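In this note's numbering, the protein residues as written are 1 to 55.
Just so you know, even glycine gets a beta-carbon here, dropped at the ideal spot from N, CA and C.
Here the structure is a predicted model, which is why all the values come from computation and not from measurement.
Below is one structure, written out as structure tokens; comments come after it.
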């Protein structure tokens with residue numbers, strides 16, 4: 001995936017971390033580098049990760 005948007009790069013890294021480490025929830029530290037309008041997207045992705053981990 002190629003994007004010049006730094007927010008997309010952070011989201012992409014979250015997805016890759018989730019896939020690479022299936023038994024771990026991606027770090028919430030990545031949210032610190034997102035612009036405010038991207039926080040709901042990252043928050044939803046992390047919440048989905050928590051739900052999947054509990055299944």
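Inset, instruction - Determine the DSSP secondary structure at residue 22, reduced to helix, strand or coil. - result: coil
Legend entry - For residue 18 and residue 53, the rounded distance between their alpha carbons: 10 Å
Legend entry - Buried or exposed (CB count within 10 angstroms, at least 16 for buried), residue 51: exposed
Inset, instruction - Could you check the C-alpha separation between residue 49 and residue 20 for me, to the nearest Å? - result: 13 Å
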